[in-house]
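Sequential numbering from 16 applies to the sequence shown in the numbering used here.
Even for Gly, the Cβ is constructed at its ideal location relative to N, Cα and C.
What follows is a short report on a single structure.
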Amino acid sequence: MAGQSSYSRLAGDDEAAMISGSEDYDTKKLRLLGYRPQLKRNLSLLSNFSVSFSIVSVLTGITTLYGTGLEFGGPATMVYGWPIAGIFTVIVGLAMAEICSAYPTSGGLYFWSAKLCSERRWGPFASWLTGWSSRAEYHSSVLDTTALLPCPVSPPHPHNATPARSPPAHGAMTFSKSPAGSGGSGRGGITAVDVDGDSGQARLNELGYKQELNRNLSLLSNFAFSFTIISVLTGVTTLYNTGLNYGGPVTMTFGWFVAGAFTMTVGLSMAEICSSFPTSGGLYYWSARLSGNRWAPFASWITGWFNIVGQWAVTTSVDYSLAQLIQVIILLSSGGANGGGYLASKYVVIAFHAAILLSHAIINSLPISWLSFFGQFAAAWNMLGVFVLMIAVPTVATERASAKFVFTHFNTDNSAGIHSSLYIFVLGLLMSQYTLTGYDASAHMTEETKNADRNGPIGIISAIGISIVVGWGYILGITFAVKDIPSLLSPDNDAGGYAIAQVFYQAFKSRYGSGVGGIVCLGIVAVAIYFCGMSSVTSNSRMAYAFSRDGAMPLSSVWHKVNKHEVPINAVWLSAFISLCMALPSLGSLVAFQAMVSIATIGLYIAYALPIFFRVTLARKHFVPGPFNLGRYGVVVGWVAVLWVATITVLFSLPVTYPVTKDTLNYTPVAVGGLFILVLSSWIFSARHWFKGPVTNLGG
């Protein structure tokens, strides 16, 4: 752990109490930092959050400084400046949260400065300067409040052992940390002791797995992988046509929050389970542990295959959408569809797709430290890209939509033959739901994340939350540049019917007489999609590594091997190869290809829902939570998540065009049903005889 070597150990009774293992993790760490616990640890996560939230107080800040906002820029500054300041503030908060996790003391900022100085001689000065600056600016500095409060764990008596991973008192939502012990969650009598000061590795050992991957990812890096896979620039850009066609502005602006709110319930439930079982296997391992001994192998098998095939489908759809965007960029750069521009054939597009996958496999063969850097850079690119586009495009456009159009116009003028407003709205949710997918990456990266039982859950939740905020800003910014929906969707426009490309191109062309600026904007999106695919391959490979480690895949002994850099390199190239194969049907029929990649949304969400379902049913009474848990709300949130997944599974299987023909049929239920039949058949005729669920390897 960062800074561990500079911990000041106590002596005598304090050290004896620490070594005895009779105290919770945070009390031990406090003693390692040189302090005796004197304050009562009784705050829940909700209470800790409430203190900072009350000091941030949007009512206070906006009310007192609203005049400043009106004076300097007015509505534009306030509407667009809020998410800009908000995102950079989140970055500051994430960095502080990471340091707070290493040094959980009430001193907060000044203590951190002292411990983080590489030169000890600067420690006192840094501490003095930070401490007095922090106090002098107390009323304007609100981010450090959480760090100043004791961690939400009830203090044990120094001479009595604490129960391991006990359920939270009074049903409160908590983010506590105590060593994982028996409590029904251990395996083979392994006790959770801190391994090299890392609680995630200790928990992994307790679950029966030895550390094979390089545990070098920070909270920020873990978050970055999920945030980059969600990638609002990828999802919203590639499915903006769907949003415009099914409901238009109303569906996109309000439907985004509908999908976002329910997605957050799924994420919260997954985060709670991830905190208890921080392994690269993620979903399929959770299903095995939560379904009981009788159902564990079958539950693990079904969940695992839906998860990994869904992930491969995500990579396929992301990289193929990038290949299509490159096709559009070339078309516009060479004159556009109406100016004799070059439209690449489907064979050239598949060649683009193959080249992209090849580069992703090469990057993912690098050590995890490189992937960590690329992941953080990708997250920054996605955030900054959204800000640039949401401000530049509507600003450059010579004609802009009114606020009334953006927030109230409901487009029913589509060629789908559907007239029910509710039906249209539901189909339009696909853009939002497809985008808000892939955040299980934080779970699959837990064996490479420091203190993963804490940081993994934070990675999941923060990736979803920040994506919801950033995505809404992107949707608003682009939609304010929309005036004529039918012309954007027409295949006769310069971009060949690619709506967002036409918006970008037309905005710059109408003002400057050239659409080059719009092509540059598309380049920003293309880079974001590239990083999305890169992170998707990373997540795929970790899932394949864990699944093969448990013997669930053909040639498992090959796919779970790691190289000298502790990277599952064979799983990386397997994932890239399968994603290429899944794109090949596009050469014959786009309908068949779209059916296959539909598994990217529905199939993956089914995999998300299965362990949550087992958590709220079979494991409802014996589930032992980790540091992050929802308390008494866990079951309620879990049921909402399960019901939402069941709902979208049905809704997104409905026909999207009438009359229904073989060319307009929604093949999603065929693809998902076919996958289920294959997985179930393989279980009945083969796997049930030899697959016994997750297999520990700690003694191997």
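Query: Length of the line joining the Cα atoms of Met-33 and Gly-653; Result: Unreliable positioning characterises Met-33 in this predicted model, as indicated by a pLDDT of 42, which lies under 50. A coordinate reading is not provided.
Query: Meets three-Cβ-pair contact criterion under 8 Å: the segment 441 to 451 and the segment 270 to 279; Result: yes
Query: Beta-carbon proximity check, Val-3 vs Gly-538, cutoff 8 Å; Result: Not covered by the structure: residue 3. The range shown for the chain is 16 to 715.
Query: Own chain partners of Phe-608 with C-beta closer than 6 Å, once the 5 adjacent residues on each side are dropped; Result: Pro-600 and Ser-601
Query: Cα-Cα separation, Gly-603 to Asn-470; Result: 44 Å
Query: Buried versus exposed call for Leu-704 [16 or more other C-beta atoms within 10 Å across all chains shown]; Result: Here the sequence assigns His to residue 704, which means Leu is not the residue at that position. So His-704 counts as exposed.
Query: Among Pro-52, Leu-232, Thr-145 and Ser-67, the one whose alpha carbon lies nearest that of Thr-461; Result: Leu-232
Query: Residue range of the alpha helix (DSSP H) that includes Glu-227; Result: Per DSSP, Glu-227 belongs to no alpha helix (DSSP H) and is neither H nor E.
Query: Chain-order list of residues whose beta-carbon lies under 7 Å from that of Ala-622 (same chain, five-residue window excluded); Result: Leu-298, Thr-318, Phe-321, Asn-322 and Gly-325
Query: DSSP beta-bridge partners of Gly-262; Result: Asn-426
Query: Environment of Phe-643 [buried if 16+ CB atoms lie within 10 Å]; Result: buried
Query: Residues near Pro-382 by beta carbon distance below 6 Å, same chain, minus five either side; Result: His-580
Query: Minimum Cβ-Cβ distance from Pro-569 to chain B less than 8 Å; Result: In the structure shown, chain B does not exist; there is a single protein chain.
Query: Buried/exposed call for Cys-596, threshold 16 Cβ in 10 Å; Result: exposed
Query: Nearest residue (CA-CA) to Leu-11, options Ala-100, Ser-121, Gly-512 and Gly-282; Result: Outside the displayed range of the chain (16 to 715) lies residue 11, so it cannot be described from this structure.
Query: Sequence-distant residues of its chain with Cβ nearer than 6 Å to Leu-444 (five each side left out); Result: Gly-270 and Ala-274
Query: Test item: CB-CB of Ala-598 and Ile-365 under 8 Å; Result: yes
Query: Best match in Asn-397, Ser-590 and Ser-701 for proximity to Trp-327 [C-alpha to C-alpha]; Result: Ser-590
Query: Nearest residue (CA-CA) to Thr-464, options Tyr-520, Gly-432, Thr-294 and Asn-308; Result: Thr-294
Query: Same chain only: Cβ atoms within 7 Å of Trp-97, ignoring 5 sequence neighbours per side; Result: none
Query: DSSP-derived helix/strand/coil call for Asp-213; Result: strand
Query: Residues near Leu-669 in its chain [Cβ-Cβ closer than 7 Å; skip 5 each side]; Result: Asn-681
Query: Cross-strand partners of Thr-464 (DSSP beta bridge); Result: Leu-232
Query: Counted within 10 angstroms of its Cβ, other Cβ atoms place Tyr-300 as buried (16 or more) or exposed; Result: buried
Query: Start and end residues, alpha helix (DSSP H) containing Ile-377; Result: 361 to 379
Query: Within 8 Å, strictly: CB atoms of Leu-347 and Asp-509; Result: yes
Query: Alpha carbon of Thr-452 to alpha carbon of Thr-410, nearest angstrom; Result: 30 Å
Query: Beta-carbon spacing of Phe-238, Ala-478 below 8 Å; Result: yes
Query: CB-CB length for Phe-546 against Gly-533, believed under 8 Å; Result: At roughly 21 Å, the Cβ-Cβ gap does not stay under 8 Å, so Phe-546 and Gly-533 are not in contact.
Query: Classification of Val-329 by the beta-carbon crowding that lies within 10 angstroms, buried from 16 upward; Result: buried
Query: Inter-stretch contact (C-beta, 8 Å, three-pair minimum) for the segment 490 to 506 and the segment 411 to 420; Result: yes
Query: Tyr-716 (DSSP reduced to helix, strand or coil); Result: Residue 716 falls outside the range modelled here, since the chain spans only 16 to 715, and no answer is possible.
Query: Which of helix, strand or coil DSSP assigns to Phe-716; Result: Since the first and last residues shown for the chain are 16 and 715, residue 716 lies out of range.
Query: Length at least 3, wholly inside the segment 394 to 444: the beta strand (DSSP E) runs in chain order; Result: none
Query: Ser-550, DSSP secondary structure in three states; Result: helix
Query: Minimum C-alpha distance to Thr-145 - residue among Leu-259, Pro-626 and Leu-124; Result: Leu-124
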